[in-house]
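K.L.:
Just so you know, the sequence shown maps onto residues 10 to 218 in this note's numbering. No residue lacks a Cβ here, since even glycine has one placed at the ideal position from N, Cα and C. Here the structure is a predicted model, which is why all the values come from computation and not from measurement.
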Amino acid sequence: MLAVVGTAWGQVATEANRLYQTEEGRAALARGLGDPGRDGTQKPGELVAALGIGSGATVADVGAGVGYMLPYLSKAVGESGLVLAEDIQSDFLEIARKKVAGEKLGNVKLVLGAETDPRLPPGAVDLELLLDVYHHFDYPEKMLAALAAALRNDGRMAIVEYYQREMPAGHIRLDRDDVIREVESYGFRIASRNDHITNQQYLLIFAKK
Ligand SMILES: C[S@@+](CC[C@H](N)C(=O)[O-])C[C@H]1O[C@@H](n2cnc3c(N)ncnc32)[C@H](O)[C@@H]1O
C-alpha cells in the first residue's frame with residue numbers, strides 16, 4: 010500500500026541515486042547507458058513504435074542520460090518535429106551533445122534541468138518519455154507538477170520502469186501499481202498499462218487530468 014501520497018517529502022531516491030554522486034560513478038553508469046549491447050534488453054525500436062509518435066511532434070526525453078534514445082526519437086518526430094533531451098547531469102548531457110553532433114540529429118535540443126524542475130517550455134510537449142527515470146526522482150511531486158505544466162492539454166507522459174523484483178532490493182522505491190497511484194495523485198490519469206518487455210519492464214501511459 011502506498012503510504013507517502015499527500016505528505017511533504019524529502020529526498021526519496023537515495024539508494025537509486027547513490028552511484029550518481031561521484032564523477033567516477035557517473036562515468037561507469039554512462040558506459041552502461043550508452044552501450045549498444047543494451048538494445049537486446051531495452052528494445053528501443055519497439056518502444057518508440059509502442060509510443061505512436063507522430064511526425065512533427067514535440068517529445069521530451071526526460072532524464073535522457075547520455076542520449077541512448079535520441080536517434081530513435083529524432084527519427085520518429087522527423088524534420089518538422091523537436092526532441093528536448095533533458096537531464097540534470099551536465100556530464101551526461103555533454104556525451105549526449107557529442108552523439109547529437111556526430112549523428113547530425115538536427116531536431117534535438119539539450120536541456121539542463123534541475124531535480125525539482127525539468128525546465129521544459131510550458132504547455133508545449135506532446136509526449137514526455139521517462140525511460141528508467143521515475144524511480145530516480147528525489148522530489149517526484151515537484152517533478153510531476155512541472156511535467157504536467159509542460160504538457161499540452163492532449164499530451165501524454167510515458168513511464169517505462171523495471172518491475173521492483175528485477176532490481177536489487179531498495180533500488181526501486183515503488184512497484185507498478187503504486188507508481189500509478191502516486192502519479193495519479195499529482196495531475197495525471199492512467200490511460201494504458203502494458204508490459205514493454207514481458208514480466209521485466211512495464212510501460213504506463215498517462216494523460217493530463
Ligand atoms: C537509469 S538513467 C536512464 C537514462 C536514459 N533515460 C536511458 O534510458 O538511457 C536515469 C537518468 O535519470 C536522470 N535523473 C535523475 N533525476 C532526475 C530528475 N529529477 N530530472 C531529470 N533527470 C533525472 C539521471 O541523471 C539519469 O540520467
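Is it the case that the CB of P80 approaches a heavy atom of ligand 1 more closely than 8 Å?
P.N.:
Checking every heavy atom of ligand 1 against the Cβ of P80, none is found closer than 8 Å.
K.L.:
Taking the C-alpha atoms as reference points, what is the distance between W60 and A167?
P.N.:
It should be pointed out that residue 60 corresponds to Leu in this sequence rather than to Trp. Going by the C-alpha atoms only, they are around 8 Å apart.
K.L.:
Where do the N-terminal and C-terminal ends of the beta strand (DSSP E) with G164 fall, by residue?
P.N.:
Run containing G164: 160 to 171, per the beta strand (DSSP E) assignment.
K.L.:
Do the CB positions of L56 and V92 come within less than 9 Å of each other?
P.N.:
Result no, Cβ atoms of L56 and V92 do not sit closer than 9 Å.
K.L.:
For T67, which of helix, strand or coil comes out of DSSP?
P.N.:
Three-state DSSP puts T67 in a strand.
K.L.:
Buried or exposed: which applies to S64, given that a residue is buried once 16 or more other Cβ atoms fall within 10 Å of its Cβ?
P.N.:
It counts as exposed.
K.L.:
Report yes if the CB atom of G196 is closer than 9 Å to the CB atom of A133, and no otherwise.
P.N.:
Going by C-beta atoms, G196 is not nearer than 9 Å to A133.
K.L.:
With respect to 8 Å, is the separation between the Cβ of D147 and the closest non-hydrogen atom of ligand 1 below this value?
P.N.:
Within the cutoff, so yes.
K.L.:
Tell me, to the nearest whole angstrom, how far the beta carbon of L117 is from that of R128; I am working on the premise that it is less than 8 Å.
P.N.:
In the sequence as displayed, the identity of residue 117 is Val instead of Leu. With 8 Å as the limit, V117 and R128 do not qualify as a contact, their Cβ atoms being about 16 Å apart.
K.L.:
Starting from the Cα of T31, find the closest Cα among D184, D100, I181, Q20 and give me that residue.
P.N.:
Nearest of D184, D100, I181, Q20 to T31, Cα basis: D100.
K.L.:
Among R106, V75, A178, Q51, which one has its Cα closest to the Cα of T23?
P.N.:
Of R106, V75, A178, Q51, the residue nearest in Cα terms is A178.
K.L.:
Using only the heavy atoms of ligand 1, determine whether one of them is closer than 8 Å to the beta carbon of I62.
P.N.:
Not under cutoff, so the answer is no.
K.L.:
Is the beta carbon of T31 within less than 8 Å of some heavy atom of ligand 2?
P.N.:
What this structure holds is ligand 1, not ligand 2.
K.L.:
Alpha carbon to alpha carbon, how far is E33 from L212? Give it in angstroms, no decimals.
P.N.:
Going by the C-alpha atoms only, they are around 31 Å apart.
K.L.:
Is the beta carbon of I48 within less than 8 Å of some heavy atom of ligand 1?
P.N.:
The sequence given here has Asp at residue 48, not Ile. D48: no, Cβ never under 8 Å from ligand 1.
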